[in-house]
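Quick notes on the structure that follows.
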Amino acid sequence: MAAKKKTPRKTSATATEIRKREAEAARLEAGGRRQVLSIILFAIAAFLLFVVLIEGQNIWAKLHKFLFGVFGVCVYFWPILLGYIAVLCALNSYTGRIANKVWQSGVLIALVGAAIDVFSNHGEKVKFIEHLAGAYANGMMSKGGGVLGGLIGYPLFLLFGKIGAGITICILIFVFFMIITGTTLLSLFLLIAKPVKKIKKRREEMAEHDLEMQASTFIKPAVGARFNIDIPIDGEEEKNFQEPVAKNSLTDKKKQLINTYRELQQEEKVAIEKSALKPKQKDGRDLKEPSVKAIIREKFESESQPDSGFENQQVGSGITVDSTYADYRYPPLSLLAEPKPEKSKNISEEMEATATRLVDTLRSFGVETRVIDISRGPAVTRYELQPSVGVKISKITNLADDIALNLATAGVRIEAPIPNKPAVGIEVPNKYTKVVNVREIIDTEQFRSMRSKLAVALGKDIAGNPVVADIAKMPHGLIAGATGSGKSVCINSIIISLLYKATPDDVKLLLIDPKVVELGIYNGIPHLLVPVVTNPRKASGALGWAVSEMEKRYKLFAENNVRDLKGYNKLAEKNEELTKMPHIVIIIDELADLMMTAPNEVEDSICRLAQKARAAGMHLIVATQRPSVDVITGLIKANIPTRIAFAVSSQVDSRTILDMGGAEKLLGKGDMLFYPVGSIKPKRVQGCFVSDEEVEAVVNYIKDNGASEYNQDVMIEIERQAAKEEAAKTGIETEEESDPMLVKAIECVVEAGQASTSLLQRRLRLGYARAARIMDEMEQRGIIGPYEGSKPRQILITKEQLIEMKAGNEI
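Note that my numbering numbers the sequence shown so that position 7 is 7, with each residue one more than the last.
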């Protein structure tokens, strides 16, 4: 029996493939037809555009007039709509029939023409044919909506009137516009809501800005940028690293990179977490992990802070007078220069390349690391490297010069380890340094939200975040660095910050400037107790007065059972018999010059103030360009906890300022190490810059809006303290060298209200030589002022003070 011959059966899969191929061929054919149609439509649109714009001659001119007669001014829409449909065809953005789009466009143009015809009708009712003839004639003169507009608009005008016809046509135009563009109501509402929200937000900001400008407040959110890069070491195997936890921030310019790398970042994070669970080999290494390319992770770091700042609160007054500056006007922000945009380009690529070179350089010396975070500041960028297990930190710090060589930079500073992070920070100078204007810091939420009237703007940290300090918490500061490193600019920024933050009733300034030219520009502002002190002898007397004022305040606190200035001022608000007292900030621009003229007196006064003046509301800011042990003595360092170090020439000077090295690696031009009280390590900050023009503008504004009233009692007391210290220095105030007639001579000049040699000769019947010696002794004791030619000398003490001196056996 013959076997049956098996016939192969066509499978359903074969039929499916055939149908797919046929569908693909049909799709390609349809796509080709649509492309041809798009070209034709584009050509027609271009032709109509030229016909509409150019009158031409012969048939061209007749066609030009005919189109205008039919469509009127709406003929300009035809090239635009046909071009739009052609683009939709070319991009395959519209899958329906193209003819539908064309007739919808025609209806839309006709409706626009009808709207023009209705709104241009002044109420004349004529025959329908006459109206169409007039519409055609006006259309040929590029007026009205043409015959087509009159054909639709005039009947509606006769039926509904002008207003009703206009509303009807506008609704139809809206409907056909939505159909042609394919816009839904939801997308339309969202599109409208975006600019409305922006306008609303802008108005709120402007209203808030106007209100705060009246109270001398300024609003602009600060932006600081940090970049987080994770670059694993290439190779077959990688060592086991701990997963770091770091906070990151973002600049607006880099915001688009998040969307690009977010998915890759998530995949990398999952891969790292999975790799931590893999079994390890006997040598402790992980099994092979997939190599992930370096990515940049950026995100915003926004902190909501309470709204306060430049509230016009009366917190204090002069030394012994009531509030006289209630109408003090804060200087406007417009007096300060606006920040300039950063020059550098391709920041992300530059940082990624530098990070890769860092890892490769350390690997070449046998140090396995990876970059876990990058913080970019105005002047330097810090690359945070996490060493693998078993790597000593000292091995990385010893390679500072080799790293600088491989990166082709002037030098690097290594922070090992970074506080609260399992990483080592390598700070590399930026190719372009961005100037930090003082306006960038004053105009931030951090500065505005500080309720303290002693808030000062310092600059931006390594991540580009504003750095604002509170002098009340310092409570005293030492600023030191080489010439030209930025000390005077830092002092100016501190003073400008106080002028923007506090009224003369809140804070009084005592400026000591032995260099004469640095702080003299501030003479005349109402915040000054006395004119800027430039004489070294008077400077020593000013510090002596500060000590005396401190003791008086403590005595007053004890009498009223309060502990500090804040408690006393609260009590003064309830008790009308008490007068509020302001904070006093004493700024010395050059300590070295004072230490040369009167080292013992200056050091004693500074130490006494630094030890006790905080609770009395008095604070010291001392600056010097000679950070040596004979200027910054051990006693001064021990009592001034907050330090600011600018660039110095040697590590010895850095240790004198900070008790550690690091300042010798700074770049200058405002690059500083800020070491606040209570901090583990100093923080690197790019100091804010304020130009002489800005200082002059702010000072002139304050002078124009408030006259200065120097405290005459303080000026007299400073003269007296200076003379007293000079007398103590020369040793003239000893009882053996004092003239027996000295007490009577003092009583004589105090009662007379003036002092002269001839007066003593007449009243006490003395000879000229003896009377002159008594005059010199009274000057040295601070009883009378210096010689002023033919004028009588000024009396520096009162009758009450004379009685106190007698009771205390001071004379």
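For every residue, glycine included, the Cβ atom is placed at its ideal position computed from N, Cα and C.
Who are the near neighbours of residue i in its chain, counting only those whose CB is closer than 6 Å to its CB and skipping five residues on each side?
i, result
"R413", "E427, K665"
"E810", "none"
"G153", "A114, D117, V118"
"T598", "The question names Thr, yet the displayed sequence has Ala at residue 598. If we look at A598 and ignore the five residues flanking it on each side, its Cβ neighbours are S540."
"D252", "Interpretation of D252 is limited by its pLDDT of 43, a score under 50 that renders its predicted location unreliable; the figure taken from the coordinates is listed afterwards. There are no such residues."
"V435", "F689"
"S452", "D470, A472"
"T534", "D513, V516"
"R34", "C89"
"N639", "C607, A610, Q611"
Please go through the same chain and pick out, in chain order, the residues whose beta-carbon is closer than 8 Å to the beta-carbon of residue i, but skip the five residues on each side of it.
i, result
"L335", "E694, A697, V698, Y701"
"D704", "none"
"R773", "D739"
"L158", "K125"
"G145", "F71, G72, V73, C74, V112, G113, A114, A115, I116, D117, S120, A135, G139, G153"
"R262", "In this prediction, R262 scores a pLDDT of 46, lower than 50, which makes its location untrustworthy; the coordinate-derived value is nonetheless stated afterwards. The answer is none, since no qualifying residue turns up."
"L454", "D470, I471, A472, L498, K501, A502, V507, H583, V585, H619"
"R97", "none"
Once you ignore the five residues that flank residue i on each side, which residues in its own chain have a CB closer than 7 Å to its CB?
i, result
"F160", "T168"
"P786", "E779"
"K799", "V750"
"W545", "V714, E717, I718, Q721"
"D148", "According to the sequence as given, residue 148 is Leu; it is not Asp. Result list for L148: V70, F71, A110, G113, in chain order."
"G83", "F42, A45"
"K614", "What sits at residue 614 in the sequence shown is Arg, not Lys. Correct list, in chain order: P475."
"V107", "F176"
"G377", "K460, D461, I462, A463, G464, Q686"
"G56", "H64"
"G150", "D117, H131, L132, A135"
"A86", "S38, L41, F42, A45"
"A400", "V412, I414"
Starting from residue i and walking both ways along the beta strand (DSSP E), at which residues does that stretch end?
i, result
"R781", "Run containing R781: none; DSSP gives neither H nor E here."
"K453", "No beta strand (DSSP E) holds K453; DSSP gives it neither H nor E."
"A469", "466 to 470"
Who are residue i's beta bridge partners in DSSP?
i, result
"M618", "I584"
"Q686", "K460, D671"
"R382", "S375, E427"
"L509", "L528, V585"
"R762", "According to DSSP, which records beta bridges pairwise, R762 is partnered with nothing at all."
"T642", "G477"
"P419", "Paired residue(s): none; P419 is not in a bridge."
"E788", "K791"
"T369", "P387"
"V714", "None, per the DSSP bridge assignment."
"R413", "E427"
Roughly how far, in whole angstroms, is the beta-carbon of residue i from the beta-carbon of residue j, given that I think they are within contact range, below 8 Å?
i, j, result
"R608", "A722", "The Cβ separation is near 17 Å, so there is no contact."
"S142", "V196", "So it is not a contact: roughly 36 Å between Cβ atoms."
"E204", "P339", "With a Cβ gap of about 24 Å, E204 and P339 do not count as contacting."
"Q754", "I797", "Q754 to I797, Cβ: 13 Å. No contact."
"T361", "N430", "Between N430 and T361 the Cβ distance is about 19 Å, and since that is not below 8 Å, they are no contact."
"V547", "S605", "5 Å"
"S679", "T656", "Incorrect: roughly 18 Å between the Cβ atoms, too far for contact."
"T642", "G477", "4 Å"
"M672", "I636", "With a Cβ gap of about 19 Å, M672 and I636 do not count as contacting."
"Y328", "P504", "6 Å"
"L827", "Y710", "Residue numbering for the chain in the displayed model covers 1 to 811; residue 827 lies beyond these limits and cannot be assessed."
Looking at the secondary structure, which residues open and close the alpha helix (DSSP H) in which residue i lies?
i, result
"A135", "128 to 140"
"F165", "Note that residue 165 is Ala in the sequence shown, not Phe. It spans 146 to 181 - the alpha helix (DSSP H) in which A165 sits, taken as one unbroken run."
"A480", "Per DSSP, A480 belongs to no alpha helix (DSSP H); it is in the beta strand (DSSP E), 477 to 480."
"A90", "77 to 90"
"P536", "536 to 559"
"A610", "599 to 612"
"A807", "799 to 807"
"A99", "98 to 120"
"I59", "58 to 71"
**Asked** Are three or more beta carbon pairs between the region 578 to 591 and the region 509 to 524 nearer than 8 Å?
**Response** yes
**Prompt:** Quick check: the region 466 to 477 against the region 434 to 448, are there 3 or more CB pairs under 8 Å?
**Reply:** yes
**Message:** Does the structure place the region 592 to 608 close enough to the region 644 to 657 that three or more beta carbon pairs sit under 8 Å?
**Reply:** no
**Prompt:** Hey, is the region 70 to 84 in contact with the region 37 to 49, meaning 3+ C-beta pairs nearer than 8 Å?
**Reply:** yes
**Message:** Using 8 Å as the cut-off, can you tell me whether the region 130 to 144 makes contact with the region 181 to 199, which would need three or more C-beta pairs spanning the two stretches below that distance?
**Reply:** no
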